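Beneath this line is the structure, given in structure tokens, with notes to follow.
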Amino acid sequence: KAGVTQTPRYLIKTRGQQVTLSCSPISGHRSVSWYQQTPGQGLQFLFEYFSETQRNKGNFPGRFSGRQFSNSRSEMNVSTLELGDSALYLCASSLDPGELFFGEGSRLTVL
Amino acid sequence: AQSVTQPDIHITVSEGASLELRCNYSYGATPYLFWYVQSPGQGLQLLLKYFSGDTLVQGIKGFEAEFKRSQSSFNLRKPSVHWSDAAEYFCAVVGGNYQLIWGAGTKLIIKP
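Taken in sequence, the protein lines are chains A and B.
Mapping of the first sequence onto this note's numbering: residues -9 to 101, in sequence order.
Mapping of the second sequence onto this note's numbering: residues 156 to 267, in sequence order.
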């Protein structure tokens, strides 16, 4: 079974731009979660989608958004990028509550 | 409110020594508990999980954890650590609406 695939793996953007990250979950997994990880703040939950509906949301500004498609693939978007958005963005899919399978992440650098 | 506490930010252990990483949770119902590991530059990987039944659970890479309801703890142990165990370890519990509540993580440093 293929694992969770995140694209792109690395990207560089400038302040004010927007970015879209993609996540393909493990086949059959209906839940997809997104996390932001930085050295200063650690692992922070962004949101979770289940069957195309946002089921849970963390404490991030509205510049961070996401969606899930009918095939369970998910995208997250960050608009009006700030320097502080530089981070590793992790996606995870799951079949059972709490049992997450993570991708390798998308490393975003904002200049 | 549901929460997970990992009191140790860093732990240093000599290679071959035993390891115990502490985790305390706050959750009213029977918890679903997890330990995850993140090696440098990698995503997170599930080490083990507790749903119910035997309170001592075995995981991958020789790790085990013991659920103690009376202490609200789910400590991770390994009898003999290897240099490849150097990583960050996260404890987590499933909270309301199936949301996973995470501890802040413990960074394990292995001394040669």
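The C-beta atom is built at its ideal place from N, Cα and C for all residues, glycine as well.
Note that the coordinates shown come from a computational prediction; the quantities given were computed from them, not determined experimentally.
Contact between the stretch 85 to 98 of chain A and the stretch 182 to 199 of chain B is present: 3 or more CB-CB pairs across the two stretches fall below 8 Å. Chain order gives the chain B residues near residue 92(A) as 191, 193, 197, 198, 199, 200, 201, where near means a beta carbon separation below 9 Å. About 13 Å separates the beta carbon of residue 56(A) from that of residue 80(A), a gap too long to meet the 8 Å contact definition. If you draw a straight line from the Cα of residue 93(A) to the Cα of residue 267(B), it comes to about 30 Å. The secondary-structure analysis by DSSP pairs residue 190(B) across a beta bridge with 203(B), 246(B). Neighbours of residue 218(B) in chain A, taken as residues whose beta carbon is under 8 Å from its own, are absent, since the nearest beta carbon is some 16 Å off. The beta carbon of residue 48(A) is closer than 7 Å to those of 34, 35, 36, 37 in its chain, skipping five residues each way along the sequence. Closest option to residue 159(B), judged by alpha-carbon separation, among 197(B), 208(B), 210(B), 226(B): 226(B). Taking 8 Å as the threshold, the shortest C-beta distance from residue 254(B) to chain A falls below it.
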